[in-house]
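Report on the following structure.
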Amino acid sequence: MRDFTLEELSEAHRALTSALHKCEKINAAKLGKSQQTLLVRRIAALKVALTLIEKEQSKKDDCVLSQDEV
14 MRDFTLEELS
24 EAHRALTSAL
34 HKCEKINAAK
44 LGKSQQTLLV
54 RRIAALKVAL
64 TLIEKEQSKK
74 DDCVLSQDEV
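Residue numbers (the working numbering): 14 to 83.
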């Protein structure tokens, strides 16, 4: 897997956060059962992706901070 820049990670985080908020606004009661299931799984996947991006960003931030100390 290639390394992503902090800028790329930030942009991906912004886009996924926007998608998550849009999914959370959807009135699931108006959806069919399969669409409700898909929505729940999509929200869970977006949360996982955001968590992984945040972890990667913190690693890169720590790396930048430790390089500044040298």
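By construction, the Cβ of each residue, glycine as well, lies at the ideal position given by its N, Cα and C atoms. These numbers were taken from a predicted model, which means no experiment stands behind them.
Cβ-Cβ distance between residue i and residue j below 8 Å
| i | j | result |
| --- | --- | --- |
| A62 | L19 | no |
| A41 | L52 | yes |
Contacts around residue i, its chain only, beta-carbon distance under 8 Å, and the 5 residues preceding and following it disregarded
| i | result |
| --- | --- |
| L22 | I66, E69, Q70, K73 |
Minimum C-alpha distance to residue i - residue among the options
| i | options | result |
| --- | --- | --- |
| A58 | D16, R15, A32, S47 | A32 |
| A64 | D16, M14, R27, R15 | For the sequence presented, residue 64 should be read as Thr rather than Ala. T64 has its Cα closest to that of R27, out of D16, M14, R27, R15. |
Residues near residue i by beta carbon distance below 7 Å, same chain, minus five either side
| i | result |
| --- | --- |
| I56 | L33, C36, E37 |
| A25 | I66 |
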